[in-house]
Each structure stands twice: as structure tokens, then as C-alpha cells.
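A.B. asks:
Numbering (the numbering used here), first residue to last: 60 to 495.
Here you go:
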């Protein structure tokens with residue numbers, strides 16, 4: 060069963076296609092993309108949408124949205140003659156079913172394949188934007204195309220303006236989860252938030268309202284049961300993007316807090332860096348996820364070393380930046396700004412943090428001993444070439460199909476190493492399984 064959800068990066072892969080015997084899927088980044096896992100044209104539930112998609116090739120060309128149809132049936136190689144616009148319409152041959160299995164739409168049961176035809180729409184970073192299960196085959200393509208019509212048209216190229224080296228990641232949190240975190244803060248009220256300074260060789264916490272006005276709810280103290288949920292979202296949606304953009308594998312976090320900047324008190328945080336004391340030197344990246352963008356005035360992130368541009372992520376959107384960057388949370392003028400704030404680092408940095416613990420003026424609270432702020436996010440580092448240890452589809456993995464995917468096309472079509480299932484072997488998950 061497919062475990063990808065909206066917001067997740069999809070696995071990268073290489074497969075033979077109607078235009079290239081070794082097509083690398085990651086090269087379509089920068090476009091909205093349609094992925095149609097149809098399995099076999101012999102299966103009615105997939106054949107009708109496949110026919111309708113083929114009739115919409117000109118529309119994909121006009122919208123500048125590439126379409127990819129993926130088959131595990133070697134007989135479908137004959138469908139190549141249906142492709143009229145190869146630049147924006149491709150069929151791909153997954154005859155070993157490795158990519159289909161990686162995406163969770165295919166299960167092998169002896170000589171029978173259980174296949175779940177489905178359409179995914181991806182954003183330009185190759186993350187899931189929308190999922191369309193096939194419920195009514197005759198209406199499926201209309202539903203997909205209506206959604207594609209709502210997407211913004213590609214913008215013309217323009218010269219880059221000076222900007223900070225930050226990473227924006229949309230749809231990390233769902234809006235409902237953002238509202239839930241705000242409700243938790245309101246029920247508790249949080250506590251005054253200080254900041255770290257070096258004094259007489261020690262890292263101390265300081266409260267100074269001329270420098271910072273904010274209240275925090277530390278989830279490790281109040282709602283430790285939420286930490287696995289947040290970390291799972293970080294693993295699936297943030298960790299691979301940091302690795303792709305900055306070639307750094309985060310494996311640990313330091314606290315998740317729900318922060319509130321209140322316009323009534325002019326909530327703000329003056330210019331600072333996040334890793335300038337011995338007690339904070341281990342921090343590599345900071346994450347801010349806005350929870351209620353649009354409910355307040357002011358309250359932006361500013362990186363003054365890199366110009367005057369202000370950053371205001373959308374609801375559930377993360378902004379990731381190096382802890383070495385000078386930054387400021389500008390004053391909230393009205394309303395309240397809520398955000399989830401975290402720091403990330405790796406195992407080597409964890410050793411530095413442990414060595415520097417002697418410089419902390421205040422030890423961590425005793426009630427955190429059972430649920431420390433710093434935990435291992437995942438035993439295996441994510442990269443575009445590795446899988447999640449959890450067994451879920453890797454967030455940025457490359458599935459290099461073997462066998463037929465590496466073979467040259469033959470006159471009779473791409474042949475799998477194993478006999479291909481006949482039409483009756485293709486069944487929907489809603490269908491009964493083939494008896495043995």
C-alpha cells in the first residue's frame with residue numbers, strides 16, 4: 060500500500076522510456092509533473108484513464124507539465140506508437156516492478172501482481188502535491204486535468220536578486236496540525252523565552268526584553284508524545300531537502316518549541332546568531348515552521364547580511380537556515396505569530412555538545428532525563444541514494460531498476476527476467492486475490 064502522502068518527496072529512479080533507454084526521473088525537477096502508475100493496459104481500471112491521458116497530450120504540452128505513465132507489463136512496449144509529443148508525454152517500462160514496489164503501488168504474490176493504479180501530481184521539487192486514486196475510471200482524467208488547470212503557469216526566467224542562503228519547504232505540517240499546536244499553547248500559556256550568552260566562560264540563559272520578547276511552549280516538557288509525530292515529518296519532508304540543498308545529514312534535534320510573538324507586547328527577537336556560545340556551538344541548522352501566517356501583521360524573518368528581503372513562510376511551511384547566519388524576527392505589529400522552532404545537528408556535533416556540557420551554567424531540567432531533547436532522528440542517514448530505515452518509501456532515494464531497466468530494447472519489446480503475468484494477474488487491491 061502506498062505510504063507517500065502530500066508533502067513527501069518521491070523516490071528518484073531511472074527507467075527506460077519511450078524517449079530514452081535510461082531516463083533519470085530527477086531531471087524533471089522544476090516542473091509540475093504527473094506520474095500515472097497504470098501497471099498494464101490490459102486492466103480496465105487503468106486502460107480507460109490511459110486512453111484518456113493519451114488523448115490529452117496536446118494539453119500537457121500547452122500546460123508545460125510532463126506526463127509519465129508507468130507499466131510493469133512488457134506487452135505495453137507496443138504502446139510507444141501512441142506517443143505524439145515525446146517532450147511532455149512519456150511511457151516508462153518498469154518490467155521488474157521495482158519502482159512500482161518502491162512507490163507502494165505494487166505487491167508480488169507468487170506469479171500474481173496486485174497493482175493499485177494511481178495518479179500523483181508532483182510540485183517542482185518533486186514532492187507530492189496531490190494524490191488521485193482511480194475511483195471512477197471514466198472521470199479520472201477529467202479530475203486530474205481540472206486540478207492541473209488550477210496550477211500557476213511557469214514564470215519566465217528572471218535575474219536573481221540578492222537573497223539569503225535559506226531553504227523554504229512548503230507543506231511540512233498540515234493546517235490542522237498547525238492549529239492543534241496553537242491550541243496546546245493557548246491551553247498552557249507557555250513561559251518567557253530567554254536566550255544564551257557567554258559570561259565568565261559559562262553559557263547562561265538571559266532574559267532581556269529590550270532584545271527579545273517571546274513566550275515558548277517546550278513540547279519535550281509538556282507534550283513529549285508529540286515528538287515522534289514531529290520527528291517523523293522531519294524525517295520524511297525536511298531531512299532529505301537539507302541533504303539535497305546543503306549536503307548535510309541531520310540526525311539529531313535540539314528541542315521543538317511552539318513560540319508566540321504577541322503584537323500586544325511587540326514580540327520580536329533582535330539580530331543574533333544561534334551558535335556563538337560553547338553551549339550552542341553544536342547547532343548546525345535552525346528550522347522555523349509558521350503556524351498561522353495571515354493572522355498577524357509584521358513578524359518576518361530577516362537576514363541583514365544578505366540584503367533587505369523579508370521572509371514569511373506560509374502556514375505549515377518551513378524555512379531552514381544555517382545557525383551561523385545573522386538573523387532577526389521582526390516585531391509583530393498586531394495579532395499573534397505562532398511558529399514551531401527547532402535546531403538540528405548530527406552525531407559528530409552531538410559529541411561536541413557533550414564535551415561542552417561542562418560550560419553550561421544550568422543543567423537540563425530533571426524531568427527531561429526520561430525524554431531528552433536530543434534524540435536520534437533516524438539510524439540511517441538519508442541521501443538521494445539511500446533508503447529510510449523505517450521501511451517507508453525513501454524520501455529522496457534513487458531506485459535503479461535492474462534487469463530490463465538496464466537492457467537495450469528488443470524488437471519484441473522490453474522483456475522481464477521472469478515471466479510476465481497475464482491480464483488476469485493484474486488486479487485492483489479492491490479485487491479479491493487470486494487463489495493458489
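Beta carbons: idealized from backbone N, C-alpha and C, even for Gly.
With DSSP as the reference, identify every bridge partner of residue 303, one or two as the case may be.
C.D. replies: For the purposes of this step, residue 303 is identified with residue 244 of the chain shown, where counting begins at 1. In DSSP, residue 303 forms no bridge with anything.
A.B. asks: In chain order, what residues of the same chain lie with their CB nearer than 6 Å to the CB of residue 104, ignoring the 5 residues before and after it?
C.D. replies: Taking the first residue of the chain shown as 1, we reach residue 104 at position 45. Within the same chain, and ignoring the five residues on either side of residue 104 in sequence, the residues whose Cβ sits closer than 6 Å to its Cβ are 176, 193, 196 and 487.
A.B. asks: Going straight from the alpha carbon of residue 355 to that of residue 247, what length do you get?
C.D. replies: Translated into the one-based positions of the chain shown, residue 355 becomes position 296. Translated into the one-based positions of the chain shown, residue 247 becomes position 188. Looking at the two C-alpha atoms, the distance is approximately 21 Å.
A.B. asks: Give the straight-line distance between the Cα atoms of residue 118 and residue 226, rounded to the nearest whole angstrom.
C.D. replies: As a first step, residue 118 is located in the chain shown; it is residue number 59 there, counting from the start. As a first step, residue 226 is located in the chain shown; it is residue number 167 there, counting from the start. The alpha-carbon atoms of residue 118 and residue 226 are separated by roughly 32 Å.
A.B. asks: Suppose you measure from the CA of residue 449 to the CA of residue 284; what does that come to, to the nearest Å?
C.D. replies: Position 390 of the chain shown, counted from the start, is the residue given in the question as residue 449. Position 225 of the chain shown, counted from the start, is the residue given in the question as residue 284. For residue 449, the predicted model reports a pLDDT of 30, less than 50, meaning its position is unreliable; a value from the coordinates is still stated below. Going by the C-alpha atoms only, they are around 19 Å apart.
A.B. asks: Can you tell me which of the three DSSP states residue 385 falls into?
C.D. replies: Residue mapping note: residue 385 aligns to position 326 of the chain shown, counting from 1. Reduced to three states, the DSSP call for residue 385 is coil.
A.B. asks: What residue does the beta strand (DSSP E) around residue 359 start on, and which one ends it?
C.D. replies: Here residue 359 refers to the residue found at position 300 of the chain shown. Per DSSP, residue 359 belongs to no beta strand (DSSP E) and is neither H nor E.
A.B. asks: For the alpha helix (DSSP H) containing residue 107, list its first residue and its last residue.
C.D. replies: The sequence position of residue 107 within the chain shown is 48, counting from 1. Element bounds for residue 107: 103 to 113.
A.B. asks: May I have a chain-ordered list of the alpha helix (DSSP H) segments no shorter than 4 residues that lie completely inside the region 124 to 176?
C.D. replies: 157 to 161
A.B. asks: Taking just the CA atoms, how far does residue 272 sit from residue 319?
C.D. replies: Within the chain shown, the letter at position 260 stands for residue 319. Within the chain shown, the letter at position 213 stands for residue 272. Cα to Cα, the separation comes out at about 9 Å.
A.B. asks: If you run the structure through DSSP and keep just helix, strand and coil, what is residue 197?
C.D. replies: Within the chain shown, numbered from 1, the residue matching residue 197 stands at position 138. Correct three-state label for residue 197: helix.
A.B. asks: Looking at the structure shown, is residue 189 part of a helix, part of a strand, or coil, going by DSSP?
C.D. replies: Within the chain shown, residue 189 is the residue found at index 130, counting from 1. Taken through DSSP and simplified to helix, strand or coil, residue 189 comes out as strand.
A.B. asks: Do residue 127 and residue 95 have their C-beta atoms closer together than 8 Å?
C.D. replies: Taking the first residue of the chain shown as 1, we reach residue 127 at position 68. Taking the first residue of the chain shown as 1, we reach residue 95 at position 36. Going by C-beta atoms, residue 127 is nearer than 8 Å to residue 95.
A.B. asks: Here's a check: name, in chain order, each residue in its chain whose Cβ is nearer than 7 Å to the Cβ of residue 231, leaving out the five neighbours to either side.
C.D. replies: Residue numbering aside, residue 231 sits at position 172 when the chain shown is read from its first letter. Taken in chain order, the residues that qualify are 66, 292, 296, 297, 348, 375, 376 and 377.
A.B. asks: Pull up the CB-CB distance for residue 276 and residue 243, whole angstroms please, since I reckon it's below 8 Å.
C.D. replies: Here residue 276 refers to the residue found at position 217 when the chain shown is read from its first residue. Here residue 243 refers to the residue found at position 184 when the chain shown is read from its first residue. About 7 Å separates the two Cβ atoms, so the contact holds.
A.B. asks: On a CA-only basis, which of 107, 92 and 190 is nearest residue 30? Give me that one, please.
C.D. replies: As displayed, the chain neither begins before 60 nor continues past 495, which places residue 30 out of reach and without an answer.
A.B. asks: Return helix, strand or coil for residue 377, following the three-state DSSP convention.
C.D. replies: As a first step, residue 377 must be located in the chain shown, where it is residue number 318. The answer is strand: DSSP assigns residue 377 an E or B state.
A.B. asks: Could you tell me whether the region 384 to 391 touches the region 408 to 419, using the rule of 3 or more Cβ pairs below 8 Å?
C.D. replies: They do not touch, by the three-pair rule.
A.B. asks: Give the straight-line distance between the Cα atoms of residue 75 and residue 357, rounded to the nearest whole angstrom.
C.D. replies: Here residue 75 corresponds to residue number 16 of the chain shown, with the count starting at 1. Here residue 357 corresponds to residue number 298 of the chain shown, with the count starting at 1. Taking the straight line from one Cα to the other gives about 51 Å.
A.B. asks: Going by DSSP, name the residue or residues bridged to residue 271.
C.D. replies: Locating residue 271 in the chain shown gives position 212, where the first residue counts as 1. Note: residue 271 sits in a beta bridge opposite 328.
A.B. asks: Check whether the Cβ atoms of residue 317 and residue 240 sit closer than 8 Å, and answer yes or no.
C.D. replies: The residue labelled residue 317 in the question sits at position 258 within the chain shown. The residue labelled residue 240 in the question sits at position 181 within the chain shown. Going by C-beta atoms, residue 317 is nearer than 8 Å to residue 240.
A.B. asks: Taking residue 152 and residue 137 to be in contact with their CB atoms under 8 Å, please state how far apart those CB atoms are, rounded to whole angstroms.
C.D. replies: In the chain shown, the residue the question calls residue 152 occupies position 93. In the chain shown, the residue the question calls residue 137 occupies position 78. Under the criterion of beta carbons closer than 8 Å, residue 152 and residue 137 do not qualify as touching, at roughly 11 Å.
A.B. asks: With distance defined between alpha-carbon atoms, name the residue in 148, 149, 146 and 165 nearest to residue 155.
C.D. replies: Position 96 of the chain shown holds residue 155. Among 148, 149, 146 and 165, the Cα nearest to that of residue 155 is on 165.
A.B. asks: Compare the C-alpha of residue 220 against each of 187, 88, 367 and 280 and name the closest.
C.D. replies: Position 161 of the chain shown, counted from the first residue, corresponds to residue 220. Nearest of 187, 88, 367 and 280 to residue 220, Cα basis: 367.
A.B. asks: Since I believe residue 183 is in contact with residue 326 (beta carbons under 8 Å), could you give me their beta-carbon distance rounded to a whole number of angstroms?
C.D. replies: On the chain shown, position 267 is the one that residue 326 refers to. On the chain shown, position 124 is the one that residue 183 refers to. That belief does not hold up - the Cβ atoms of residue 326 and residue 183 are roughly 34 Å apart, past 8 Å.
A.B. asks: Closest to residue 268 by C-alpha separation, out of 282, 260 and 251, would be which residue?
C.D. replies: Locating residue 268 in the chain shown gives position 209, where the first residue counts as 1. Among 282, 260 and 251, the Cα nearest to that of residue 268 belongs to 251.
A.B. asks: Around the Cβ of residue 132, are there at least 16 other Cβ atoms within 10 angstroms (buried) or fewer (exposed)?
C.D. replies: As a working mapping, residue 132 is identified with position 73 in the chain shown. Counting Cβ neighbours within 10 Å, residue 132 comes out buried, since at least 16 surround it.
A.B. asks: Using 10 angstroms around the beta-carbon of residue 179, count the other beta-carbons present and answer buried if the total reaches 16, otherwise exposed.
C.D. replies: For the purposes of this step, residue 179 is identified with residue 120 of the chain shown, where counting begins at 1. Flag for residue 179 reads buried.
A.B. asks: With residue 262 as the anchor, note down where its beta strand (DSSP E) starts and where it stops.
C.D. replies: Numbered from 1 along the chain shown, position 203 holds the residue referred to as residue 262. Looking at the DSSP string, the run of the beta strand (DSSP E) that includes residue 262 is 261 to 265.
A.B. asks: Among the candidates 337, 333, 352 and 351, whose CA atom is the shortest distance from the CA of residue 345?
C.D. replies: Numbered from its first residue, the chain shown carries residue 345 at position 286. Answer by Cα proximity: 333.
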